[in-house]
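Numbering (our numbering), first residue to last: 5 to 175.
Notes follow the structure.
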């Protein structure tokens, strides 16, 4: 009999934690968000002379109050300068989507802080982008907020990581 009550107590505790987490993620108001992502970039040539590329990015990770997410965005025009030691981003702003596992989305406008990014001899590049949250779907409909993404990637492998820090206001 004691074993049944112990199992029941554990089930109730797990259910209570689940409800508390769900309530937190559904609550209105402003919350801080922090996340980490890792992903893969693929490039598509737009022009061969001079070489200009479109860069499609897909990353997975976790964000506080959202859990596991997928992020997708396209950098429309990237080229090389200074004999291949810099990436030049012709259009440093883009629209990106962060999608939670249940399909709810955060939509935002991103802007690189610099349109010229140094490339190390081994292909490493670092960047900072500002995010202005402009809306979303599901529980993020009407959301606003700001965040900063700090990223590191490799132009030879296409792999990258991002750290995101900011806040979101749910309506």
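Backbone N, C-alpha and C define an ideal beta-carbon position, used for all residues, glycine too.
In this text, all values refer to a predicted model and were calculated from it rather than measured experimentally.
| Query | Result |
| --- | --- |
| 7 Å Cβ shell around residue 138 - same chain, five flanking residues per side excluded | 111, 112 and 113 |
| C-alpha gap between residue 150 and residue 62, whole angstroms | 21 Å |
| DSSP state of residue 114 mapped onto helix, strand, coil | strand |
| Residue 28, DSSP secondary structure in three states | With a pLDDT of 37 at residue 28, under the threshold of 50, the predicted position of this residue should be treated as unreliable, though the coordinate-derived value follows. Correct three-state label for residue 28: helix. |
| Which listed residue (76, 86 and 94) has its alpha carbon closest to that of residue 57 | 94 |
| Sheet register partners of residue 167 (DSSP bridge) | 40 and 154 |
| Limits of the unbroken beta strand (DSSP E) element including residue 130 | 128 to 140 |
| Cutoff 8 Å; reference residue 78; Cβ partners in own chain excluding five residues on either side | 58, 59, 60, 61 and 98 |
| Contact the region 39 to 56 vs the region 128 to 147: 3+ CB pairs below 8 Å | no |
| Whether residue 133 touches residue 119 by CB criterion (9 Å) | no |
| Cβ shell of residue 35 (< 7 Å), same chain only, five flanking positions each side left out | 69, 171 and 172 |
| Bridge partner(s) assigned by DSSP for residue 145 | DSSP lists no partner for residue 145. |
| Own chain residues within Cβ distance below 7 Å of residue 157, not counting five before or after | 45, 129, 163 and 164 |
| Whole runs of the beta strand (DSSP E) within the region 71 to 100, excluding any shorter than 3 residues | 71 to 85 and 90 to 93 |
| Bridge partners - residue 51, DSSP secondary structure assignment | 56 |
| DSSP three-state assignment for residue 109, whether helix, strand or coil | strand |
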